[in-house]
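Numbering (the numbering used here), first residue to last: 1291 to 1743.
Just so you know, even glycine gets a beta-carbon here, dropped at the ideal spot from N, CA and C.
1) Does the region 1378–1397 come close enough to the region 1702–1722 that 3 or more CB-CB pairs lie under 8 Å?
2) Classify residue 1675: buried if its beta carbon has 16 or more other beta carbons within 10 angstroms, exposed otherwise.
3) Which residues in the same chain as residue 1326 place their Cβ atom closer than 7 Å to its Cβ, once the five residues preceding and following it in sequence are excluded?
4) Which same chain residues, not among the five before or five after residue 1561, have their C-beta less than 7 Å away from its C-beta?
5) Go through the region 1466–1501 residue by residue and report every complete run of the beta strand (DSSP E) that reaches 3 residues or more, in order.
6) Just tell me which of 1513, 1587 and 1380 has its CA closest to the CA of residue 1490.
7) If distances are taken between C-alpha atoms only, which option among 1531, 1421 and 1521 comes closest to residue 1474?
8) Run through DSSP, which three-state label would residue 1463 get?
9) Distance, Cα to Cα, residue 1637 vs residue 1740?
10) When we look at the beta-carbon of residue 1373 and count the other beta-carbons within 10 Å, is it buried (16 or more) or exposed?
11) In this structure, does DSSP put residue 1609 in helix, strand or coil?
12) Using the C-alpha atoms, what's the distance from residue 1626 back to residue 1520?
13) With DSSP as the reference, identify every bridge partner of residue 1550, one or two as the case may be.
14) Closer than 7 Å by C-beta to residue 1672: which residues in its own chain qualify, once you throw out the five before and the five after it? Chain order, please.
15) Output the distance between the C-alpha atoms of residue 1667 and residue 1581, rounded to the nearest integer angstrom.
16) Answer with buried or exposed for residue 1646, where buried requires no fewer than 16 other C-beta atoms within 10 angstroms of its C-beta.
17) Nearest CA to the CA of residue 1586: which residue from 1371, 1700, 1480 and 1423?
18) Check whether the region 1399–1413 and the region 1536–1555 are in contact - that is, three or more C-beta pairs closer than 8 Å.
19) Please tell me whether residue 1412 and residue 1656 are closer than 8 Å, where the distance is taken between their beta carbons.
20) Are the beta-carbon atoms belonging to residue 1648 and residue 1715 less than 8 Å from one another?
21) Go ahead and label residue 1754 buried or exposed: buried means 16 or more other beta carbons lie within 10 angstroms of its beta carbon, across all protein chains shown.
22) Give the single residue among 1301, 1314 and 1540 whose Cα lies nearest to the Cα of residue 1292.
23) Would a C-beta distance cut-off of 8 Å place residue 1505 and residue 1540 closer than the cut-off?
24) May I ask you to report which of helix, strand or coil DSSP gives residue 1574?
25) In the structure shown, what three-state DSSP assignment does residue 1680 receive?
26) Bridge partners for residue 1674 per DSSP, in chain order?
27) Does the region 1377–1386 come within contact of the region 1607–1620, defined as at least 3 CB pairs closer than 8 Å?
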């Protein structure tokens, strides 16, 4: 077998594979004998059919399959041995049925889409802007109030407040506003509603200014925006009955539960940050500031990524791509692509394709590698953020580790995680390698900058 290469341009190559009978004959005979050993052939005992008979019955298909296999293996071997950076897959120049009756030797051609050669440099001569967001006193106060409310106490109140729970009896009304009676009437003796979660805010507003003992007429269906699960729970009925719930209900308020913010102190500090991590109001304020700064840093890093991409794309993005071969490959591998729409769709892919090629070069220059420990630490960080969303900000390391292991065991999710970790390491590498033009800005100024990138 002979493989020759011819560069049709700087990013395209055509491989010619010449195959002689000796290159595939032994493999064909081997596969035919395997069929004879493993399959029951009509008219023959299993394992007792001759090679000529196998050749007569299965020779054409087996020979065709073997030739295609050995040719493709030869192409892939050539790519590997010559360290060719191929985009997509080798594309056959022509697909046709082999004339096995009249031919023993064959020639095949494959087009290769080659990645353009890029001489990417990542050093201090490259300048990338980095915007730190200032943590304002208002941000600290807002987060402080959120923590105090989250860990505050629920106590009886006299008058409705925006975040209050309301308890009382809920009776269905007739169209004339009178309380409906009879076996089919919906009456909840010990009901509870949370107007803060009403979808229709006009319904929630009906509770404003109300006190214990007052009556409120509201429409549960509008309050829940027709959500049958919410309706069933609010009115203590089966979901099947919610379809008939259209009108107003009257609630007689027996109790109003309000939230009183937690006071600063050891118990509060422990609830928020864990035991012995914060011991004074000053340390508490610093810890709150650090939490906010950490969240804002995510925004800063996201804009840094866009900025870095913009810088490197401007410098290396004018590259030649093997468009014709890539288009053919994309059409062959995507059912929604064809000759009519490929030009438009491919044009939209070009920026991301170019950036992917540049990223690969940057990763090579910076020797970026993804280790198992990197995945574990990233998964633990994800777990900590998920717990924090539910107010659990002081989870122990063992819990986070076990949760992270469960994340990594999901094979489908693991692939996405590897990609995310790769990006984190890549941009961290860029951040350490280039010169950062740092600037501290207000949140409003940051939003303005982000809108222009």
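In terms of the structure at hand:
1) no
2) Reading the chain shown from its first residue, position 385 is the one you call residue 1675. Burial call: exposed.
3) Translated into positions along the chain shown, residue 1326 becomes position 36. Hits under 7 Å: 1337, 1339 and 1344.
4) Stepping through the chain shown from its first residue, residue 1561 is reached at position 271. Counting only Cβ-Cβ distances below 7 Å, and skipping sequence neighbours, we find 1441.
5) 1477–1483
6) In the chain shown, residue 1490 corresponds to position 200, counting from 1. Per the Cα distances, 1513.
7) As a first step, residue 1474 is located in the chain shown; it is residue number 184 there, counting from the start. Nearest of 1531, 1421 and 1521 to residue 1474, Cα basis: 1531.
8) Taking the chain shown and counting its residues from 1, one reaches residue 1463 at position 173. DSSP places residue 1463 in strand when its eight states are reduced to three.
9) What you label residue 1637 is simply residue 347 of the chain shown in a count that begins at 1. What you label residue 1740 is simply residue 450 of the chain shown in a count that begins at 1. So the alpha carbons of these two residues sit roughly 25 Å apart.
10) Indexing the chain shown from 1 puts residue 1373 at position 83. Exposed: under 16 other Cβ atoms inside 10 Å.
11) Counted from its first residue, the chain shown places residue 1609 at position 319. The answer is coil: DSSP assigns residue 1609 none of H, G, I, E or B.
12) On the chain shown, position 230 is the one that residue 1520 refers to. On the chain shown, position 336 is the one that residue 1626 refers to. The straight-line gap from Cα to Cα measures roughly 41 Å.
13) In the chain shown, residue 1550 corresponds to position 260, counting from 1. Partner(s): 1443.
14) Sequence index remark: in the chain shown, residue 1672 carries index 382 (1-based). So the qualifying residues of the chain are 1697.
15) Within the chain shown, numbered from 1, the residue matching residue 1667 stands at position 377. Within the chain shown, numbered from 1, the residue matching residue 1581 stands at position 291. If I take the Cα positions, the gap works out to 19 Å.
16) Position 356 of the chain shown, counted from the first residue, corresponds to residue 1646. Residue 1646 is exposed by the Cβ-count criterion.
17) Taking the chain shown and counting its residues from 1, the one referred to as residue 1586 is at position 296. For the residues 1371, 1700, 1480 and 1423, the minimum Cα distance to residue 1586 belongs to 1423.
18) no
19) Working through the chain shown from its first residue, we reach residue 1412 at position 122. Working through the chain shown from its first residue, we reach residue 1656 at position 366. Against a cut-off of 8 Å, the Cβ pair of residue 1656 and residue 1412 comes out as a contact.
20) For the purposes of this step, residue 1648 is taken as residue 358 along the chain shown, with counting starting at 1. For the purposes of this step, residue 1715 is taken as residue 425 along the chain shown, with counting starting at 1. Contact flag unset, no.
21) Lying before the first or after the last residue shown, residue 1754 is absent from the chain, which here runs from 1291 to 1743.
22) As a working mapping, residue 1292 is identified with position 2 in the chain shown. When each option's Cα is compared against that of residue 1292, the closest is 1314.
23) In the chain shown, counting from the first residue as 1, residue 1505 sits at position 215. In the chain shown, counting from the first residue as 1, residue 1540 sits at position 250. Yes, the pair counts as a contact, with Cβ atoms nearer than the cut-off.
24) If you number the chain shown from 1, residue 1574 lands on position 284. Looking at residue 1574 - three-state DSSP - the assignment turns out to be helix.
25) The count along the chain shown starts at 1 and reaches residue 1680 at position 390. Residue 1680: coil per DSSP, three-state reduction.
26) Sequence index remark: in the chain shown, residue 1674 carries index 384 (1-based). For residue 1674, which the question treats as bridged, DSSP gives no partner whatsoever.
27) yes
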